[in-house]
Amino acid sequence: MLNVSDYRVSYGQSEIVHGLDFTVQPNEIVAVMGRNGMGKSTLMKALMGVIPESGGAATLDGKSIFGKKSHDRVNQGLAYVPQGRMIFSSMTVRENIETGLTSTGRRSVPKDLYDMFPVLLEMRNRRGGNLSGGQQQQLAIARALASNPKVLLLDEPTEGIQPSIIKEIAQTLKEIRDQRGLTIVVTEQVLSFALEVADRILVVEKGKIVHEEARSSV
Ligand code: ATP
Ligand code: MG
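Heads up: the sequence shown begins at 1238 in my numbering, then just goes up one per residue.
In structure tokens form, the structure reads like this:
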């Protein structure tokens, strides 16, 4: 269970996340929606320890993650796919996935990882830069899953993805959640994707949750 309370993130003097409170249950998929510049990426980066938090508390399964370094959070079970899906274009698919093991004690990727992404198994010796946008997004997600996380933070996975593939990504995420008992927090601007994938939608405006809607119970 991921819990944040009175969670605050600032860049210098300007506070972007203004005291958020929410809890994500095990196996739940929560979509955080909000307009451009509302602080979605800021929230995800802060939860992953990529940028500092400025106030409040954050726990994963009752243990604080607040203020910790990114690699400590990975070891506590968090994983993150940044917006714009950074992948290494000159590395092969397999090498890209293996970079997800850095800073974890694991030496090999979970056995079932390629079962979740058959396309990546087929293309594992291909360079990351030679994949389509949708395949690169799958690769970025697979890399994050290499550390076998409990909670996956996904920042705008549909950005730059064709509408026809968006539904596929939602389907894959739900299957992975079911198979692995994964918790997913996903930021999103595409309502149809959020409706397809999420059990619950949080709408954030000006760094605060202004609306919450349950899609299904877990
Ligand atoms: P988008 O939907 O475009 O991805 P977002 O909701 O993810 O937007 P953020 O990237 O979190 O928004 O940005 C929130 C605010 O913080 C914006 O006003 C942005 O200009 C500002 N911001 C982002 N990064 C920095 C930074 N490194 N330093 C200062 N301000 C920043
Ligand atoms: Mg963003």
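Idealized CB from N, CA, C, for every residue including glycine.
Would you kindly work out how many angstroms separate the C-alpha atoms of residue 1246 and residue 1343, rounded to a whole number? Rounded to the nearest whole angstrom, the C-alpha separation of residue 1246 and residue 1343 is 31 angstroms.
Note down, in chain order, each residue of its chain lying with its Cβ closer than 6 angstroms to the Cβ of residue 1392, except the 5 sequence neighbours on either side. Excluding sequence positions up to five before and after residue 1392, its CB lies within less than 6 angstroms of the CB of 1278, 1281, 1319, 1320 and 1424, all in the same chain and listed in chain order.
Could you round the C-beta distance between residue 1388 and residue 1420 to whole angstroms and report it? I think they count as a contact, below 8 angstroms. Between residue 1388 and residue 1420 a beta carbon distance of about 5 angstroms is seen, short of the 8 angstroms cut, so the two are scored as contacting.
Provide the residue span of the beta strand (DSSP E) that contains residue 1411, from first to last. Counting along the chain, residue 1411 falls outside any beta strand (DSSP E), though it belongs to the alpha helix (DSSP H) covering 1400-1417.
Residues in the same chain with beta-carbon distance under 8 angstroms from residue 1255, minus the five sequence neighbours each way, listed in chain order, please. Once the five neighbours on either side are set aside, the close Cβ partners of residue 1255 are 1245, 1443, 1444 and 1445.
heavy atom of the ligand MG below 7 angstroms from residue 1277 C-beta: Yes, the beta carbon of residue 1277 sits closer than 7 angstroms to at least one heavy atom of the ligand MG.
Give the straight-line distance between the Cα atoms of residue 1323 and residue 1243, rounded to the nearest whole angstrom. Looking at the backbone, the Cα of residue 1323 and that of residue 1243 are separated by about 30 angstroms.
Which whole-angstrom value describes the C-beta separation of residue 1315 and residue 1386, a residue pair presumed to lie in contact below a C-beta threshold of 8 angstroms? Contact flag correct, Cβ pair sits at about 6 angstroms.
Element boundaries [alpha helix (DSSP H), containing residue 1311]: Per DSSP, residue 1311 is one residue of the alpha helix (DSSP H) stretching across 1307-1313.
May I ask you to report which of helix, strand or coil DSSP gives residue 1288? Residue 1288: coil per DSSP, three-state reduction.
Three-state class that DSSP yields for residue 1252 in the structure shown: Reduced to three states, the DSSP call for residue 1252 is strand.
For residue 1362, does the three-state DSSP call read helix, strand or coil? Three-state DSSP puts residue 1362 in coil, outside helix and strand.
Residue from 1248, 1259, 1238 and 1311 with nearest C-alpha to residue 1384: Residue 1384 has its Cα closest to that of 1311, out of 1248, 1259, 1238 and 1311.
Does the distance between the C-beta of residue 1253 and the nearest non-hydrogen atom of the ligand ATP fall short of 7 angstroms? For residue 1253, the Cβ falls inside the 7 angstroms cut-off from some heavy atom of the ligand ATP.
Near the ligand ATP: residue 1442 beta-carbon under 7 angstroms from a heavy atom: Outside the cutoff, so no.
Beta-carbon spacing of residue 1415, residue 1266 below 8 angstroms: Contact annotation: residue 1415 and residue 1266 have beta-carbon atoms that are not nearer than 8 angstroms.
Looking only at DSSP bridge pairs, what is residue 1279 linked to? None, per the DSSP bridge assignment.
Taking 8 angstroms as the CB-CB limit, is residue 1279 close to chain D? Structure shown: chain D not included; a single protein chain is present.
Can you check whether the CB of residue 1336 is closer than 8 angstroms to the CB of residue 1325? Yes; because the gap between Cβ atoms is below 8 angstroms, this pair is in contact.
Determine whether the beta carbon atoms of residue 1331 and residue 1361 lie at a separation below 8 angstroms. Yes. Within cutoff.
Anyone know if the C-beta pair for residue 1438 and residue 1270 falls short of 8 angstroms? The answer is yes: Cβ separation under 8 angstroms.
Indicate the three-state DSSP secondary structure (helix, strand or coil) for residue 1240 in the structure shown. Strand at residue 1240.
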